[in-house]
Structures are given as structure tokens and as C-alpha cells.
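These notes concern the structure reproduced below.
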Amino acid sequence: MTTAQPLDVQPTPLALLLLGREADPRSERGVECPGDLPSPSDPDLVARARAAKEKLGDKVFVLGHHYQRDEVIQFADVTGDSFKLARDAAARPEAEYIVFCGVHFMAESADILTTDDQAVVLPDLAAGCSMADMATAEQVAECWDVLTDAGIADQVVPVSYMNSSADIKAFTGRHGGTICTSSNAKRALEWAFEQGEKILFLPDQHLGRNTAVRDVGMTLDDCVVYNPHKPNGGLTAEQLRNAKMILWRGHCSVHGRFSVESVEDVRARIPGVNVLVHPECKHEVVAAADHVGSTEYIIKALEAAPRGSKWAIGTELNLVRRLANRFADEDKEIVFLDKTVCFCSTMNRIDLPHLVWTLESLADGKLVNRIEVDPETEKYAKLALERMLALP
């Protein structure tokens, strides 16, 4: 009987990162929030936050993403989606501190768009984004090598979703591409096809597919999915050459949970319901819905909806619950599309204790949790963002 020899397997940097045994300063994982946080049970948290914010006055500008919990949103000077908030920050050059109650890539974008004299602060550095984490700079560089080997790199224009790291935005800028939001993805794709024959869409495959098929008139056969965990992305050179849309294998962990069964179930439970979903949902869910749009679109649609109408919303639960409460007096029935409760876990890391700690630290003259993008990355990421701003 032969004794099996131990395999000499060396874990990759990505494997170590996922196991929590390494930290990557260029990633949104493996970070901690330093300092002693107030207890979540402290009954004075709201009063402490108000006092610290009042002490800071115009020196601080607090941004609150739509997916934040209510206890945090109440202290936001403005609310909105990621790009709206980054632009709002850029429009307040007098604010010394920009406190971004969102996730890491959003704070990076705010740092890129604000002045060098302003400090962008993220209350919890571990508030990352699983979608943004699905495309690292190294993986995307390797993908570009694959496209080069297939002889098509010079035909490909990268389009990266706002929900991506500064490194990915910089890659996009270097290679002649643009950034998009869920609101202007159609315009971004149309612009990109004027520049080249193919698009590499990063990092959310569902937004890319839904926009290409629903809005631009392409077919599912025009799309292929590049899997960074497989050799050559799991695609042949012929498949890459035949494709018009090369979709990165990434997704939103919240919107990816919704299913056609969720749509069918809510229609059976609530006759006459309008199903409204975010374009980060799977293609079959989007096809089964009545309306599709960004968070800003969802809010405006419910504002314009007639009294007594019924809506099932496929997006993050904090926003859905807030909208349900807001429009309750108008007899608008607003429910979460899925029966399973699903908050954005990383967005919810920004809680009241972290916000209080941040504001009190700043009020005491201590700058904490600053998000800074290095000058070279900022240069090309800003170029990609400016291309988006210039879209017709």
C-alpha cells in the first residue's frame, strides 16, 4: 500500500484574502475600523451625534446613500445614489470634511472629485462592496492580455459601472473607456460602440446584459461572460471575437437574490401589483417585471404613482421600507419583492456608533478613516469619470 504524499499546494493571494489570512491595501477587504466605538446600547447616541455635528458646523458635510439605515440617514445633509452623492460633495468645496455614509468605492469617487484640501471620511473602513471586490486590478489586467492574445483588444472599449474600485476606474480611463451609472448605462454603451466594435463591461454582468438587450437592441447571443477564475475567462478566442458584449462575471449580492419565483409569488399574493426592479437584477427577473430602473428612478416612480396603487420593489430593503413608510399616508402599498429579508450587509456596517465616533473624532480635531486615492490612479479614474460627464 502506497502512502499518499502531501500535495505541495500554495494558496493564491486571493485565496488567502478570502480566508481572512492576508490584507490587501488595494482591495476593499481585510480592513478594520480603529478606535473605541460607543456602545450600540448607549441611549445618548443620537444626542451625541447632533452635538458633534453642530460643533463642526459648515466644516462637515454628511452624505447618506439610499441604502443606509434610518438611524444614519437622519444625519445626512443630502441623500442619493453613489454618483449623485459624489457630485454633491464636489459642489461643497467649503466643507473641510466629507463624511460618506456609504461604501468604499463611493468614498473613493468622492475623493477623486473633491479638492486636495478636503478629506473624505468613511465611518467604517470595512464597509466595502462585494460587487466591486469581484474585479481586482490584477484580474482585469490579465483579461486585457487575453483580449490582446485573441487579437481584439484594439476593438474593445471598457465601460465600468460606478460600483467599482478606483483601480478599475483608472484602468477604464487608461484604455479609452468611460464610467456609467444605472441611470445612464444606455448612453454609455451607445457612446462606447461609436468608439469601438466591442465592450468589456465591468464588474456587474446583469446591468451590462440588461442594458445591452433591453435598451440597445442586442441579443443574448451577442453577450459572453468572462470568468476571471477560469483560464482565458472560460472563453475561446472565437467566442471573444464573435461577441459584442464581454460581461465580467460579477453581480450584486442583494439584487442577485431576486428570482422569477419572487415575481410570480407576489403577483399571486397581491392582485394588480406593479413589479419594479433595479437593473442589477438577473435578466429573467427584469424580463418578468413591469418596470425597471435605478434607485432614483424607483423613488420618482413611487412619487408619481397614483393613490392606492400597489408596488413590489426589487432593491435594497432599507430603501424599500423607507419608501413604504413615506407613502403610507397616500395609501400606496409598497412591499419588498422577496419574502427573505435582505439588507446590504456591507452598507449596514455604517451604523450610529461608527457615525458618532467619526463625528466626535473630527470635532476633537482628529482626522480618522480618511479615504485617499493615489495621484496616478486618480488621474486616470477622473478621466473616465469626466468622459461620463461629457456624455450627451
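Quick note: the sequence shown uses the working numbering, first residue 760, plus one each step. All C-beta atoms in this analysis are idealised placements derived from N, C-alpha and C, irrespective of residue type, glycine included.
message: I'd like to check one pair, aspartate 981 with alanine 947: are the Cβ atoms closer than 8 angstroms?
response: Translated into the one-based positions of the sequence shown, residue 947 becomes position 188. Translated into the one-based positions of the sequence shown, residue 981 becomes position 222. No, these two residues do not count as a Cβ contact at 8 angstroms.
query: Alpha carbon to alpha carbon, what distance is there between glycine 910 and valine 805?
result: If you number the sequence shown from 1, residue 805 lands on position 46. If you number the sequence shown from 1, residue 910 lands on position 151. Valine 805 and glycine 910 have their C-alpha atoms some 59 angstroms from each other.
query: Under a Cβ-count criterion, where at least 16 other Cβ atoms within 10 Å of its own Cβ denotes burial, should valine 1019 be classed as buried or exposed?
result: Working through the sequence shown from its first residue, we reach residue 1019 at position 260. Exposed is the call here.
query: Going by Cα to Cα distance, which pick from Met1004, Ala1060 and Asp913 is closest to serine 1068?
result: Taking the sequence shown and counting its residues from 1, the one referred to as residue 1068 is at position 309. Nearest of Met1004, Ala1060 and Asp913 to serine 1068, Cα basis: Ala1060.
message: On the CB-based measure, 16 or more other CB atoms within 10 Å of its CB, does proline 1112 come out buried or exposed?
response: As a position in the sequence shown, residue 1112 is number 353, starting the count at 1. By the 10 Å Cβ count, proline 1112 comes out buried.
task: Identify, in the order they occur along the chain, each residue of the same chain with its Cβ nearer than 7 angstroms to the Cβ of valine 984, setting aside the five sequence neighbours on each side.
output: As a position in the sequence shown, residue 984 is number 225, starting the count at 1. Listed in chain order, the non-local C-beta contacts of valine 984 below 7 angstroms within the same chain comprise Gln964, Leu1006 and Arg1008, local neighbours out to five positions each way being set aside.
- request: Would you kindly check if the distance between the Cβ of glycine 861 and the Cβ of methionine 1106 is under 8 angstroms?
  value: On the sequence shown, residue 1106 is found 347 positions in, with the first residue counted as 1. On the sequence shown, residue 861 is found 102 positions in, with the first residue counted as 1. Yes, they are a contact pair.
task: Check each candidate in Asp870, Thr838, Val831 and Asp795 and name the one with the smallest Cα separation from threonine 1136.
output: As a first step, residue 1136 is located in the sequence shown; it is residue number 377 there, counting from the start. Among Asp870, Thr838, Val831 and Asp795, the Cα nearest to that of threonine 1136 belongs to Asp870.
task: Can you tell me which of the three DSSP states cysteine 888 falls into?
output: Translated into the one-based positions of the sequence shown, residue 888 becomes position 129. Of the three classes helix, strand and coil, the one that applies to cysteine 888 here is coil, per DSSP.
query: Smallest Cα separation from isoleucine 1093: which of Leu1114, Gly992, Leu1082 and Ser841?
result: Numbered from its first residue, the sequence shown carries residue 1093 at position 334. Nearest of Leu1114, Gly992, Leu1082 and Ser841 to isoleucine 1093, Cα basis: Leu1082.
Endpoints, beta strand (DSSP E) assigned at threonine 907: In the sequence shown, the residue the question calls residue 907 occupies position 148. Here threonine 907 belongs to no beta strand (DSSP E); instead the alpha helix (DSSP H) covers 896 to 908.
task: Name the residue from Ala885, Asn1128 and Ala900 whose alpha carbon lies nearest to the alpha carbon of proline 987.
output: Within the sequence shown, residue 987 is the residue found at index 228, counting from 1. Of the listed residues, the one whose Cα sits closest to proline 987 is Ala900.
- request: Report back the beta-carbon spacing between valine 819 and leucine 1121 to the nearest angstrom; my notes put them in contact at under 8 angstroms.
  value: Position 60 of the sequence shown holds residue 819. Position 362 of the sequence shown holds residue 1121. Indeed they touch by this definition, with Cβ atoms about 6 angstroms apart.
Given serine 1053 as reference, the closest of Tyr920, Lys812, Phe864 and Val821 once Cα atoms are compared: As a position in the sequence shown, residue 1053 is number 294, starting the count at 1. For the residues Tyr920, Lys812, Phe864 and Val821, the minimum Cα distance to serine 1053 belongs to Tyr920.
task: Would you list the one or two residues that DSSP bridges to proline 1065?
output: Looking up residue 1065 in the sequence shown gives position 306. Beta-bridge pairing links proline 1065 to no other residue.
message: Please tell me whether valine 879 and threonine 873 are closer than 8 angstroms, where the distance is taken between their beta carbons.
response: Counting from 1 along the sequence shown, the entry for residue 879 is found at position 120. Counting from 1 along the sequence shown, the entry for residue 873 is found at position 114. Cβ distance < 8 angstroms, so valine 879 and threonine 873 count as in contact.
- prompt: Given that a residue counts as buried once 16 or more other Cβ atoms are within 10 Å of its Cβ, and exposed if not, what is arginine 828?
  reply: Here residue 828 refers to the residue found at position 69 of the sequence shown. So arginine 828 counts as buried.
field: Top-ranked residue by Cα proximity to aspartate 840, from Val1013, Arg1016, Ser941 and Glu853
entry: Reading the sequence shown from its first residue, position 81 is the one you call residue 840. When each option's Cα is compared against that of aspartate 840, the closest is Ser941.
- prompt: Would you say the region 888 to 900 touches the region 1127 to 1134, given that touching needs at least three Cβ pairs under 8 angstroms?
  reply: no
message: Closest to aspartate 1088 by C-alpha separation, out of Arg973, Val1044 and Pro1065, would be which residue?
response: As a working note, residue 1088 is residue 329 in the sequence shown. For the residues Arg973, Val1044 and Pro1065, the minimum Cα distance to aspartate 1088 belongs to Pro1065.
task: With a cut-off of 8 angstroms on the beta carbons, I'd call valine 1115 and proline 797 a contact; round off their distance for me.
output: As a first step, residue 1115 must be located in the sequence shown, where it is residue number 356. As a first step, residue 797 must be located in the sequence shown, where it is residue number 38. Yes, valine 1115 and proline 797 are in contact; Cβ-Cβ is about 5 angstroms, under 8 angstroms.
query: Which class does methionine 865 belong to by DSSP, given the choice of helix, strand or coil?
result: Residue numbering aside, residue 865 sits at position 106 when the sequence shown is read from its first letter. Helix at methionine 865.
query: Given that a residue counts as buried once 16 or more other Cβ atoms are within 10 Å of its Cβ, and exposed if not, what is proline 882?
result: Within the sequence shown, numbered from 1, the residue matching residue 882 stands at position 123. Residue environment: proline 882 is assigned as buried (16 or more neighbouring CB atoms within 10 Å of its CB, all protein chains considered).
- prompt: Buried or exposed: glycine 992, going by 16 or more other Cβ atoms within 10 Å of its Cβ?
  reply: Taking the sequence shown and counting its residues from 1, one reaches residue 992 at position 233. When all chains shown are included, glycine 992 counts as buried.
field: Residues near proline 799 by beta carbon distance below 8 angstroms, same chain, minus five either side
entry: If you number the sequence shown from 1, residue 799 lands on position 40. Taken in chain order, the residues that qualify are Asp1110, Leu1111 and Pro1112.
- prompt: Taking the continuous beta strand (DSSP E) assigned at glycine 823, which residues delimit it?
  reply: By 1-based counting over the sequence shown, the position of residue 823 is 64. Note, glycine 823: beta strand (DSSP E), 819 to 824.
message: So, under 8 angstroms CB-CB, valine 821 and phenylalanine 834 are touching, yes? Tell me the CB distance rounded to an integer number of Å.
response: To locate residue 821, count along the sequence shown from 1; it is residue 62. To locate residue 834, count along the sequence shown from 1; it is residue 75. So it is a contact: roughly 6 angstroms between Cβ atoms.
- request: Check the C-beta distance from tyrosine 826 over to asparagine 1077 and give it rounded, since I have them as a contact under 8 angstroms.
  value: Reading the sequence shown from its first residue, position 67 is the one you call residue 826. Reading the sequence shown from its first residue, position 318 is the one you call residue 1077. About 5 angstroms; that satisfies the 8 angstroms criterion.
Given lysine 957 as reference, the closest of Gln998, Val1034, Arg973 and Ala929 once Cα atoms are compared: Stepping through the sequence shown from its first residue, residue 957 is reached at position 198. Among Gln998, Val1034, Arg973 and Ala929, the Cα nearest to that of lysine 957 is on Gln998.
query: Based on the DSSP secondary-structure assignment, which residues constitute the bridge partners of alanine 878?
result: To locate residue 878, count along the sequence shown from 1; it is residue 119. In the DSSP output, where bridge partners are listed per residue, alanine 878 has Tyr856.
task: Return the CA-CA distance between glutamate 787 and alanine 1143, expressed in angstroms with no decimal places.
output: For the purposes of this step, residue 787 is taken as residue 28 along the sequence shown, with counting starting at 1. For the purposes of this step, residue 1143 is taken as residue 384 along the sequence shown, with counting starting at 1. With a pLDDT of 43 at glutamate 787, under the threshold of 50, the modelled position of that residue is not reliable, and no figure is offered here.
query: Taking the C-alpha atoms as reference points, what is the distance between arginine 785 and alanine 866?
result: Here residue 785 refers to the residue found at position 26 of the sequence shown. Here residue 866 refers to the residue found at position 107 of the sequence shown. Per-residue confidence for arginine 785 stands at a pLDDT of 47, beneath the threshold of 50, marking its modelled position as unreliable; the derived number appears in the next sentence. Between arginine 785 and alanine 866, the C-alpha separation is close to 14 angstroms.
message: According to DSSP, simplified to helix, strand and coil, what is proline 1030?
response: Your numbering for residue 1030 matches position 271 in the sequence shown. In this structure, proline 1030 counts as coil in the three-state DSSP scheme.
Span of the beta strand (DSSP E) around threonine 937: The residue you call residue 937 lines up with position 178 of the sequence shown. First-last of the beta strand (DSSP E) with threonine 937: 937 to 939.
message: If contacts are defined as beta-carbon pairs under 8 angstroms, then serine 923 and leucine 961 qualify, I think. What distance do you get, rounded to the angstrom?
response: Along the sequence shown, read from residue 1 onward, the residue named residue 923 stands at position 164. Along the sequence shown, read from residue 1 onward, the residue named residue 961 stands at position 202. About 6 angstroms; that satisfies the 8 angstroms criterion.
query: Less than 8 angstroms separating the beta-carbons of valine 1036 and phenylalanine 1017?
result: Here the question's residue 1036 lines up with position 277 in the sequence shown. Here the question's residue 1017 lines up with position 258 in the sequence shown. In contact: valine 1036 and phenylalanine 1017 (Cβ atoms closer than 8 angstroms).
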